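Q: Take 0 as the starting number for the sequence shown in numbering that gives the first Met the number 0 and just add one per residue.
Glycine included, C-beta positions come from ideal geometry on N, C-alpha and C.
On a predicted model such as this, the values are computed, not experimentally measured, just so you know.
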Amino acid sequence: MKTRCEWCLKNELYIDYHDKEWGVPLHDDQKLFEFLLLEGVQAGLSWLTVLKKRENYRKAYDDFDPVKVAVYDEAKLNELLQNEGLIRNRLKIAASVNNAKCFLEVQKEFGSFDRYIWSFVDFKPIVNYFESLSEVPAKTPLSDLISKDLKKRGFKFVGSTIVYAHMQATGMVNDHLVSCFRHAELKDKK
Numbered sequence: 000m001k002t003r004c005e006w007c008l009k010n011e012l013y014i015d016y017h018d019k020e021w022g023v024p025l026h027d028d029q030k031l032f033e034f035l036l037l038e039g040v041q042a043g044l045s046w047l048t049v050l051k052k053r054e055n056y057r058k059a060y061d062d063f064d065p066v067k068v069a070v071y072d073e074a075k076l077n078e079l080l081q082n083e084g085l086i087r088n089r090l091k092i093a094a095s096v097n098n099a100k101c102f103l104e105v106q107k108e109f110g111s112f113d114r115y116i117w118s119f120v121d122f123k124p125i126v127n128y129f130e131s132l133s134e135v136p137a138k139t140p141l142s143d144l145i146s147k148d149l150k151k152r153g154f155k156f157v158g159s160t161i162v163y164a165h166m167q168a169t170g171m172v173n174d175h176l177v178s179c180f181r182h183a184e185l186k187d188k189k
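(1) For V172, which residues does DSSP report across the bridge?
(2) So, do the region 166-177 and the region 129-147 have three or more beta carbon pairs nearer to each other than 8 angstroms?
(3) Could you give the distance in angstroms between the alpha-carbon of C179 and the alpha-carbon of N127?
(4) Among S146, G110, G153 and K100, which has the Cα closest to the Cα of P65?
(5) Should S95 go down as buried or exposed, given a rule of 16 or more other Cβ atoms within 10 Å for buried?
(6) Just curious, the alpha helix (DSSP H) that W46 is in, first and last residue?
(7) Taking the alpha helix (DSSP H) that E78 belongs to, which residues open and close that run?
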């Protein structure tokens, strides 16, 4: 039997996410936007709650296409607010449209969001060697710095804790416990 990070063991959806996605270096802009949107939605909630609604988000948000999301109008925002498959928080929904616009600006400036966000880690994942969940931080000085830069660029719902969760999810940092089978598998991935 494989040893996994203990946070994912309570649910099959969590286990699948842990085994296939969490901590895998991600360089596709549309997927990076998806995680940025979902991490922002998660604020104050569990990640499992968001994972359970992920397919609903995928349908409602045009497969997380930032070009399409950036032009959502008031009618579309109201439609999203009525969608029971989403977390219906007006501020978070408005932020998703705002963040899509900011995301496109970053793409314009840097050529891709990937180039921008990965520059903070010199284009290679930070590999941590934590032995227990209690060692894994909720945020770091680097996530503070990225959060500050994103906010300066107009992004919303990008506090340091959200940014660190994004870094973990997209493989900018490998926070799998050393006892977890995924730590070794991902240790040398870029």
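A: In short:
(1) BP columns for V172 point to I125.
(2) These segments touch.
(3) One Cα belongs to C179, the other to N127, and the distance between them is close to 12 angstroms.
(4) Checking every option, the nearest Cα to that of P65 belongs to K100.
(5) Result: buried.
(6) Taken as a continuous stretch (DSSP letters only), the alpha helix (DSSP H) holding W46 covers W46 to A59.
(7) Per DSSP, E78 belongs to the alpha helix (DSSP H) from E73 to Q81.
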